[in-house]
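Okay, so the sequence shown: first residue is 1 according to my numbering, each after it adds one. Don't be surprised by glycine CBs; every beta carbon is placed ideally from N, CA and C. All figures in this text were calculated on a predicted structure; none of them were measured in a lab. Let me begin by presenting the structure, written as structure tokens, before commenting on it.
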Amino acid sequence: MIVAPSILSANFNNLNEEIKSINHGNVWLHCDVMDGHFVPNITFGACVIKNIKKDFDLFMDVHLMITDPYKYAIDFCNAGADLITYHYEAVKEEDIDKTISYIKSLGVKVGISVKPNTDIKVLDKYLKDIDLVLVMSVEPGFGGQKFIDSALGKIRYLKETKDKNGYKYFIEVDGGINHETARLVKMSGCEVVVAGNYIFNSDNRKEVINDLQNI
């Protein structure tokens, strides 16, 4: 399983060293971008991602929790994002296909995320065109929340739909991940887990990452 440590839980006073401590094996770097509008918190912008990309050859997994992903996608692409995931709930239904096509035209992979209370089947018509689905297993906006079990049904549905139709998207889960919840999501069909506090609060981050990768 691919592990995507979330820098939301890192110490930004010493970010380079924090990233070095989690750069083990096949990891993505998960970057939670929040605007204080779509979610009630503000984190960082494209300049932080640009600075990280200068020093680290890591897959930059950028999760836009913002109200206008179409407008700002190019900034994150230019900063070094390899994958840009935006929220289904942040875009009008008639603009979802346009946003997918636009992000792809920037030369990066595109993902769509859904909140815990959103029916996963709203994504059915888009699954053939996207590279990743991010299932939120907590309410987006803050770290350290408890895993919401309803995410497991969404993961199973995405796995069954993917296998049935030969789709190519990754299934990613974010929120409340630890050893036990990672085992549950892996059994359900998850391929990428985002973990913040569980990794960055550990005394042995390499060991925790290895454990998650090999569940």
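Residue i, buried or exposed, once every other Cβ within 10 Å from all chains shown has been counted against 16
i	result
R220	Only positions 1 to 215 of the chain appear in the structure, and residue 220 is not among them; the question remains open.
K98	exposed
M187	exposed
C77	buried
F12	exposed
S105	exposed
Of the listed residues the options, nearest to residue i (C-alpha basis)
i	options	result
A90	C77, T118 and S105	T118
H30	N201, A195 and D203	A195
E94	Y70, T85 and V108	Y70
W28	I66, G80 and E180	G80
C47	Y72, G25 and H24	Y72
A151	N16, N51, I177 and D203	I177
Q145	E180, N197, K20 and V39	N197
H24	V173, R156 and D57	D57
K92	D68, K20 and P40	D68
E18	R156, V173, I52 and V39	I52
V39	P140, V173 and R205	P140
T85	N14, R156 and Y169	Y169
Check whether residue i and residue j have beta carbons under 9 Å apart
i	j	result
I103	L158	no
I22	I215	no
K162	I171	yes
L83	V33	no
G189	E160	yes
V62	I49	yes
S9	N210	no
L212	M60	no
V193	A4	yes
I148	P116	yes
G166	V138	no
I130	V110	yes
Nonlocal neighbours in the same chain, by C-beta distance under 8 Å from residue i, ignoring five residues either side
i	result
V114	H87, Y88, E89, I120, V122, L123, V133, L134, V135, M136 and K154
Y126	I96, D97, I100 and I112
N26	I2, V3 and Q213
K128	N165 and Y167
Nonlocal neighbours in the same chain, by C-beta distance under 7 Å from residue i, ignoring five residues either side
i	result
G36	I42
N16	D55
Which ranges does the beta strand (DSSP E) cover as unbroken runs of at least 3 residues, wholly within the region 144–210, from first to last along the chain?
With a minimum length of 3 residues, the continuous beta strand (DSSP E) runs that stay inside the region 144–210 are 170–174 and 192–195.
Pick out the complete beta strand (DSSP E) segments inside the region 77–153, 3 residues or longer, and give them in chain order.
Scanning the region 77–153 from its first residue to its last, the whole beta strand (DSSP E) runs of 3-plus residues come out as 83–87, 109–114 and 132–136.
At what residue ranges does the region 4–52 contain a whole run of the beta strand (DSSP E), taking only runs of 3 or more?
Counting only runs of 3 or more, we get 28–34.
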